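K.L.:
Just so we're on the same page, this note's numbering is the position in the sequence shown counted from 1, plus 4.
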Amino acid sequence: MKFFALFFTLSTLLFAELEISFPEDEEVVDYKSIVAFEFGLGSLSRPKVNTISGEADIKRDFTNLGFKLGAEDIGLRLFLSYRPIILQDATAQSFGIELDSMIDLSSKMKFFYGLAVGGLLYEIVDKNETSTYKTSWNNYYGFGTGLVFEISKQFEIEFSGRYSITNINDDSVDSSYVFDQFMNYYIGLNYKF
Numbered sequence: 005m006k007f008f009a010l011f012f013t014l015s016t017l018l019f020a021e022l023e024i025s026f027p028e029d030e031e032v033v034d035y036k037s038i039v040a041f042e043f044g045l046g047s048l049s050r051p052k053v054n055t056i057s058g059e060a061d062i063k064r065d066f067t068n069l070g071f072k073l074g075a076e077d078i079g080l081r082l083f084l085s086y087r088p089i090i091l092q093d094a095t096a097q098s099f100g101i102e103l104d105s106m107i108d109l110s111s112k113m114k115f116f117y118g119l120a121v122g123g124l125l126y127e128i129v130d131k132n133e134t135s136t137y138k139t140s141w142n143n144y145y146g147f148g149t150g151l152v153f154e155i156s157k158q159f160e161i162e163f164s165g166r167y168s169i170t171n172i173n174d175d176s177v178d179s180s181y182v183f184d185q186f187m188n189y190y191i192g193l194n195y196k197f
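(1) In the DSSP output, which residue or residues are listed as bridge partners for Ser-105?
(2) Between which residues of its own chain and Asp-184 is the CB-CB distance below 7 Å, once the five residues before and five after are set aside?
(3) Pick from Ser-85, Leu-82, Gly-150: whose alpha carbon is nearest that of Lys-114?
(4) If we count the other Cβ atoms within 10 Å of its Cβ and call it buried at 16 or more, is Lys-196 buried or exposed?
(5) Judging by CA-CA distance, which residue of Glu-76, Asn-142, Leu-48, Leu-69 is the nearest neighbour of Val-152?
(6) In this structure, what does DSSP give as the bridge partners for Asp-184?
(7) Going by beta carbon distance, what residues of the same chain come within less than 7 Å of Leu-109, once the five residues before and after it are set aside?
(8) Give the straight-line distance between the Cα atoms of Phe-163 and Gln-92, rounded to the nearest whole angstrom.
(9) So, using beta-carbon positions, are Glu-102 and Gly-123 closer together than 8 Å?
(10) Rounded to the nearest angstrom, what separates Phe-99 and Ile-78 at their Cα positions?
(11) With H, G and I counted as helix, E and B as strand and the rest as coil, what does DSSP make of Asp-65?
(12) For Gly-192, which option in Thr-95, Glu-154, Glu-42 has the closest C-alpha, if you only look at C-alpha atoms?
(13) According to DSSP, is Lys-36 part of a helix, a strand, or is it coil?
(14) What whole-angstrom Cβ distance do Arg-81 and Gly-70 have, given they're in contact under 8 Å?
(15) My assumption, with CB atoms under 8 Å, is that Asn-68 sits in contact with Asn-143. Please give the rounded CB distance.
(16) Go ahead and label Tyr-145 buried or exposed: buried means 16 or more other beta carbons lie within 10 angstroms of its beta carbon, across all protein chains shown.
(17) Using the rule of at least 16 other Cβ atoms within 10 Å of the residue's Cβ for burial, across every protein chain shown, is Phe-159 buried or exposed?
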C-alpha cells in the first residue's frame, strides 16, 4: 500500500504544471513530457545451485512490453513505468519509478544511466489445482544504461539494458520460483512533447 501511495504522489508531482526557475540565472527551465513504449527480452535467475548433475544456473526467460510516462529536464529524466512480463508458466507485471542522468554524446545521441525501484506482481500456476494461480508481490531495485538516438524533435529511439535485484521466493514441491535478480534488454520509442 505504501508503494501505491508513493507511486500516486510522484505521478501527481511529475505531471503537475510547474515552472521551475533557478535564482542564480532567473531563467525558466522548460521540461519535456515523455510517453514511451518498449519491447524487450530478459531473464529471471538465481546463483548456481547443486543438482544431481552438478552445479547449474536456474534461469527463466521472458518477453516484456513496457509503457512509461515521464519528463526530462536539466540532464535528468524521471519515468513512471508499467511492464507486463510474459513467462512460460507464469505472468508478471512490474510497476516502477526510474531516474536517469542524460549525457549528450552528440546533437543526435545521448548516453544515460540511472536507478529504478518498484514492485513485481506475479501469478504462478498452482500445480496442486487445475485452474488456479498463486499471486505474490515483491519489490525490486536496480540500474539501467543505454543510448538514445533523436529521430526528430519529438521522437527518439532507445536501446537499453536493465539489471535488478529482487527476492522472489515461492519454492514448493510442485514449483520452484526462487529468483534474486532479473535482467532485460529492450528497444524503445519515446515521444516528447
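For every residue, glycine included, the Cβ atom is placed at its ideal position computed from N, Cα and C.
Computed from a predicted structure; not experimentally measured.
P.N.:
So, to answer that:
(1) Against the sequence shown, residue 105 aligns to sequence position 101. BP columns for Ser-105 point to Leu-80, Tyr-117.
(2) If you number the sequence shown from 1, residue 184 lands on position 180. Answer for Asp-184: Arg-50, Ile-169, Thr-170, Asn-171, listed in chain order.
(3) Sequence index remark: in the sequence shown, residue 114 carries index 110 (1-based). Restricting attention to Ser-85, Leu-82, Gly-150, the CA atom closest to the CA of Lys-114 is found in Gly-150.
(4) What you label residue 196 is simply residue 192 of the sequence shown in a count that begins at 1. Under this definition Lys-196 is a buried residue.
(5) Position 148 of the sequence shown, counted from the first residue, corresponds to residue 152. Per the Cα distances, Glu-76.
(6) Residue numbering aside, residue 184 sits at position 180 when the sequence shown is read from its first letter. DSSP, once it has assigned bridges, lists no residue as partnering Asp-184.
(7) Working through the sequence shown from its first residue, we reach residue 109 at position 105. Contacts found: Phe-115.
(8) For the purposes of this step, residue 163 is taken as the residue at position 159 of the sequence shown. For the purposes of this step, residue 92 is taken as the residue at position 88 of the sequence shown. So the alpha carbons of these two residues sit roughly 25 Å apart.
(9) The residue you call residue 102 lines up with position 98 of the sequence shown. The residue you call residue 123 lines up with position 119 of the sequence shown. Against a cut-off of 8 Å, the Cβ pair of Gly-123 and Glu-102 comes out as no contact.
(10) If you number the sequence shown from 1, residue 99 lands on position 95. If you number the sequence shown from 1, residue 78 lands on position 74. If I take the Cα positions, the gap works out to 25 Å.
(11) Within the sequence shown, numbered from 1, the residue matching residue 65 stands at position 61. DSSP places Asp-65 in strand when its eight states are reduced to three.
(12) As a working mapping, residue 192 is identified with position 188 in the sequence shown. Minimum Cα distance to Gly-192 is reached at Glu-42.
(13) Within the sequence shown, numbered from 1, the residue matching residue 36 stands at position 32. DSSP places Lys-36 in strand when its eight states are reduced to three.
(14) Taking the sequence shown and counting its residues from 1, one reaches residue 81 at position 77. Taking the sequence shown and counting its residues from 1, one reaches residue 70 at position 66. About 15 Å separates the two Cβ atoms, so there is no contact after all.
(15) Indexing the sequence shown from 1 puts residue 68 at position 64. Indexing the sequence shown from 1 puts residue 143 at position 139. Contact flag wrong, Cβ pair sits at about 18 Å.
(16) Counting from 1 along the sequence shown, the entry for residue 145 is found at position 141. That one is exposed.
(17) The residue labelled residue 159 in the question sits at position 155 within the sequence shown. Exposed, since its Cβ has fewer than 16 Cβ neighbours within 10 Å.
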